[in-house]
Amino acid sequence: FVDIESAGHLVGTVRLLSGTLPIVIMLRVFKAFSAQPRLALVTATLQGAFESLIHYLIVFSAIFLSYCVMAVALFGPEVGAFSTLDRAIPNCFRMILGDFEFTQMEMLGRGWAFFFFFT
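So the sequence shown is numbered by the working numbering: it starts at 9 and just counts up by one.
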């Protein structure tokens, strides 16, 4: 390599291609499902539900981002995990999965913490 910058660009390109490879493999597997009648049912179901899944994703994203903004507004100044939107998004996703610290938010206000978790 002539310089380190061109090597860095090459590494970035390789990472991008490596990241897209699993998606390409998954799509090829779904294409292979059409050879088996029972597996073709899975592909047909996903094709039929695609539009509904996209609409669900749009609605879920709007509600999820609203809760992330609410977490920043309610708990951001005192809780480091919600100090910015960039930090709140992964922490709210972890909350959906059941990994959260309710006591830390409860100390800031039991009513607001209850409202945030149970709405």
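C-beta: ideal position from N, C-alpha, C; glycine also.
{"Asked": "Reference Phe124; option with closest CA among Thr21, Cys100, Ala15", "Found": "Cys100"}
{"Asked": "Integer-rounded CB distance, given that Arg102 should sit under 8 Å from Phe108", "Found": "7 Å"}
{"Asked": "Phe125, DSSP secondary structure in three states", "Found": "helix"}
{"Asked": "Contact check, Thr51 vs Ser42, beta carbons under 9 Å", "Found": "yes"}
{"Asked": "Continuous alpha helix (DSSP H) stretch holding Pro98: start and end", "Found": "93-104"}
{"Asked": "9 Å Cβ cutoff met for Phe72 and Met113", "Found": "no"}
{"Asked": "Cα-Cα separation between Gly88 and Glu59, rounded to whole angstroms", "Found": "38 Å"}
{"Asked": "Neighbourhood of Arg95 by C-beta, 7 Å cutoff - its chain only, sequence neighbours within 5 removed", "Found": "Ala89"}
{"Asked": "Short Cβ contact (9 Å threshold) for Leu65 with Cys76", "Found": "no"}
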